[in-house]
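Data block below; observations after.
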Amino acid sequence: MRAKGFTLIELLITLIIISVLTAATGPNISRYIEQERLRGALFNLKQKLVYARSEAIKRNVTIFVSGSAGADWCVGLSLKADCDCSSSDPMQADACSLTVNGTQVLHRLTSEDYSGIRISQLRSFRFDGVRGLPWDSGSFAGTIPLNSASYSGAVVISRIGRVKACGNLSGVEDC
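Residue numbers for the sequence shown follow full-length UniProt numbering, so the first one is 1 and each next one is one higher.
If you want it as structure tokens, here you go:
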């Protein structure tokens, strides 16, 4: 009668197979995570800008989009020009916050949530409250480029205020 269980050879063969599969899929998993971080940053930034435009029209006020580029980037929305998007306190005078139902709410995205993602350039601009048009000095149509080590994308704002995300990764429209 044979004893139940695994032999040492069966266990070693199983461990070798698992090791080979892990070594083969490891780089693919890290590329997938990198793509998902960039995709998340693109779509969340796009959504934040769509929200800014719709709030400007709904409230009939100018909504400012401020931020800083680089590895430690941030983007924020406010009724004031040049808000501090690094501030995490919505009650701070220069915080990037808007009043929602009588409460100050932070409206910002930061690189802390998207490690390895950079914004290479960012100009502050505003959405006007009448038509939701983006303005800098005169008319504005701009691109906010985001990139990681292997992939790149951008959030594009047209002259009429349409916001779209594009990039060189799957599930995102080509730029």
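Note that the Cβ used here is the ideal one computed from N, Cα and C, for glycine as well.
Environment of residue i [buried if 16+ CB atoms lie within 10 Å]
i	result
residue 131	exposed
residue 76	buried
residue 134	buried
residue 5	exposed
residue 10	exposed
Assigned secondary structure, residue i (DSSP; H/G/I helix, E/B strand, else coil)
i	result
residue 82	coil
residue 43	helix
residue 133	coil
residue 164	strand
residue 123	coil
residue 26	helix
residue 20	helix
residue 172	coil
residue 110	strand
residue 61	coil
Nearest to residue i (by Cα), restricted to the options the options
i	options	result
residue 40	56, 123, 111, 29	111
residue 167	161, 159, 146, 158	146
residue 162	29, 117, 48	48
residue 32	108, 46, 149, 159	149
residue 59	78, 72, 69	78
residue 73	7, 52, 124	124
residue 173	46, 13, 4	46
residue 136	11, 153, 158, 154	158
residue 121	4, 70, 151, 24	70
residue 51	27, 108, 152	108
residue 170	84, 164, 153	153
residue 143	119, 89, 115, 35	119
residue 63	14, 126, 15	126
residue 42	129, 85, 117, 100	117
residue 61	44, 81, 68, 27	81
Identified DSSP bridge partners for residue i
i	result
residue 159	Residue 159 pairs with nothing; no bridge assigned.
residue 147	118, 152
residue 95	84
residue 67	75
heavy atom of the ligand ADP below 8 Å from residue i C-beta
i	result
residue 148	The ligand ADP is absent from the structure shown, which contains no ligand whatsoever.
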